Amino acid sequence: MSEARAVSWGETAWVLTGCWALCGLGYGVVALLDDPTLPASAPVVLLLGHWFFARHRHWTAGALAAVAGSVALLVLLESLRPRMDRITADALSTGAGVLLALLVFTAVARARTRPGQG
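In my numbering, the protein residues as written are 8 to 125.
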């Protein structure tokens, strides 16, 4: 296992952009198939998992980010599903959960990374 590298805000912005693009693509596919039971968030989770394991193994930051993102996702799902269709609510909640998770991950990882590491 390699040591965890520092996380830049620019890299986080690129990953967030990719995640939102996948949310949009997942929304489009699920809406086209008209099957709201399909997990549109699965590609986003796979992308984040790959990014984490390949580049930034900050375990504390990853755990905190997973909890924060999951809580945000669940809270938003509960509030958005009664107001809009399930597919849209799922896509928006996933994107917002990813946003919070990446913000938490980057902030914690940067705070824990020593100068000169990465």
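Ideal Cβ positions, reconstructed from N, Cα and C, are used throughout, including at glycine.
None of these values were measured; they are calculated from a predicted model.
Can you give me the start and stop residues for the alpha helix (DSSP H) that residue i sits inside?
{"i": "Leu109", "result": "93-119"}
{"i": "Leu23", "result": "16-40"}
{"i": "His63", "result": "Here His63 belongs to no alpha helix (DSSP H), and DSSP marks it neither H nor E."}
By a C-beta neighbour count over all protein chains shown, 10 Å radius and 16 as the cutoff for buried, is residue i buried or exposed?
{"i": "Phe60", "result": "exposed"}
{"i": "Thr19", "result": "buried"}
{"i": "Gly35", "result": "exposed"}
{"i": "Ala72", "result": "buried"}
Please check the pair residue i and residue j, which I expect to be a contact at CB under 8 Å, by giving their CB distance rounded to whole angstroms.
{"i": "Gly17", "j": "Ala98", "result": "At roughly 25 Å, the Cβ-Cβ gap does not stay under 8 Å, so Gly17 and Ala98 are not in contact."}
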